[in-house]
Amino acid sequence: MSIDIFWRIPTHGEPRHHRSRTPYRGDWFPGDETRRVPGLGGDGEDGYTYIDYLAEIAHAAEISGFQGGLIPTFPSTEEPWVIAPFLARETKTFRFMIPFQPAFQNPVLVARATASLQRATGGRTLYNIISGGGGPEQLWWGDSVGHDDRYTRTTEFLDVLRGVWKGGPFSYRGKFYQLEDSGLPDPLSREDYPEIYFSGSSDAALASASLHADFYLSWLEPFAQLGEKFDRVKEKTAALGRQIKTAVRVDIIARPTEEEAWREVERGFENIDKAVWERYYASIDSESVGAARQRSFRPTTINSYRDFIIEPNVWSGFALLRGGQTNGIVGSYEQVAERLDQLVQLGAGAFILASTPHLEEAYRVGEEVLPLVRGSVETRLREVA
Ligand SMILES: Cc1cc2nc3c(=O)[nH]c(=O)nc-3n(C[C@H](O)[C@H](O)[C@H](O)COP(=O)(O)O)c2cc1C
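All residue numbers in the sequence shown are consecutive under the working numbering, ending with 390.
Here's what the structure looks like:
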């Protein structure tokens, strides 16, 4: 058995370190002349765009031992369907995980586009299937379908995708999709079906994942709670006669010593500006069960960054440093590797790791942390044997 370790490709700008939220690389940059650095920040006059920077991260991750990268999609990001083929041409083995909300494209088009991508890249495409958190962000996309119906739509979409992938004739009568005599033509239908990661924490999400996913993907939660969620999704899937693996998407801050790692957190924490705190306490208008599970770890009284430590080496304030999900791992290289190993013991078969800035940290984590994780996994497996 091996675990699959991915890096994250930051598609919405990259700050210099955890102590800042201001992007400063490529043309994804507010344009502060005093901070302009040739080839790094600026207005694109030197021809260096943010996409070039993303390609550097993909290279760094590839040569540092990551299997590939997740390319996130939000209203605030570049578009992963477009970024992925660029990264594919820049790399050799790097697998690119494209997250998307199935509803936004026709499933036959997605099957066809993915098969072409598989042909062009030697089968390096993966999906992260997301079904949307509802609220204003869902309407930003023009989607007003309710929470559970979105998952019904996702299930139907994946039924259709798999059906047409095998070649025709494939017909389908669902609530959202109806097809007659469809199917990919040869040679597209001979390509490997992409591996499917699936995100969402609600019962509706788990039901859909158990039908179609290869990996159930979660943000980090307290370890016992996460283990329980993993067991639930595995049982649900086994009852359908299928097997599913589980994966964790988690930010890390790994340094030579634990003190240095917490010092980085502390300095970031001291720099959080008022607007970020206001957003942190603002009313919530998302329906996402997974996001609510993340928010449930917010401390009620906050005196220091330490109030956000929810178990050893797990800090629940990442949303304050860089937005997004909230729980991450902080510690020495050895401690971070140990915590990842514990997640493997709880059943995690894959990780998507991230740290800021993603370029330099890909080298650091690849060189300092990954060898320790892989080493202990192999050791444990030998002991089991
Ligand atoms: C690891 C992970 C990554 C996610 N990535 C994205 C993303 O890139 N874009 C997005 O719109 N939603 C993303 N989501 C949100 C979920 O796919 C889902 O829409 C949300 O959690 C609501 O579902 P729920 O109510 O079942 O939890 C992600 C969720 C998880 C757990």
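Just so you know, even glycine gets a beta-carbon here, dropped at the ideal spot from N, CA and C.
Does A287 pass the burial test, meaning 16 or more other C-beta atoms within 10 Å, or should it be called exposed?
exposed
Are the CB atoms of A259 and E373 within a distance shorter than 8 Å?
yes
Please report how far the alpha carbon of G328 lies from the alpha carbon of L345, in whole angstroms.
22 Å
Decide if E366 is buried, meaning its Cβ has at least 16 other Cβ atoms within 10 Å, or exposed.
buried
My output table needs one value for T306: the three-state DSSP class, helix, strand or coil.
coil
If you draw a straight line from the alpha carbon of P4 to that of A214, how long is it in whole angstroms?
Absent from the model: residue 4. The displayed extent of the chain is 6 to 390, so no value can be given.
Sorry if obvious, but does the Cβ on P104 come closer than 7 Å to a heavy atom of ligand 1?
yes
Quick one: what does DSSP say I8 is sitting in, helix, strand or coil?
coil
Could you round the C-beta distance between N318 and G295 to whole angstroms and report it? I think they count as a contact, below 8 Å.
Rounded, the Cβ-Cβ distance is 22 Å, inconsistent with contact.
Near ligand 1: N133 beta-carbon under 7 Å from a heavy atom
yes
Quick check: G73 and F99, are their CB atoms within less than 8 Å of each other?
yes
Looking at H17 and ligand 1, is the gap between the Cβ and the nearest heavy atom below 7 Å?
no
Span separating the alpha-carbon of L231 from that of D186
42 Å
If I measure Cβ to Cβ from P261 and keep anything under 7 Å in the same chain, skipping five residues before and after, which residues do I get?
S337 and Y338
I need the straight-line Cα distance from V389 to R13, nearest angstrom please.
A caution first: V389 carries a pLDDT of 44, below 50, which makes its placement in the model unreliable, though a value can still be read off. So the two alpha carbons sit approximately 32 Å from each other.
Under 8 Å Cβ to Cβ from S223, same chain only, skipping five residues before and after it: list those, please.
S204, S206, L231, K234, F235, T251, A252, V253, R254 and G295
Counting only beta-carbon atoms, is G31 nearer than 8 Å to chain C?
Going by chain labels, chain C is absent from the structure shown, which holds only one protein chain.
Entirely enclosed alpha helix (DSSP H) segments - the segment 174-221, minimum 4 residues:
208-217
In whole angstroms, what separates the C-alpha of Y182 from that of E200?
22 Å
Buried or exposed (CB count within 10 angstroms, at least 16 for buried), L144:
exposed
Does the segment 113-123 touch the segment 140-155, meaning 3 or more C-beta pairs lie closer than 8 Å?
no
Cβ-based burial, E161 [other Cβ within 10 Å; buried from 16]
buried
In three-state DSSP terms, what is A259?
strand
Could you tell me whether the segment 345-365 touches the segment 300-313, where touching means 3 or more Cβ pairs closer than 8 Å?
no
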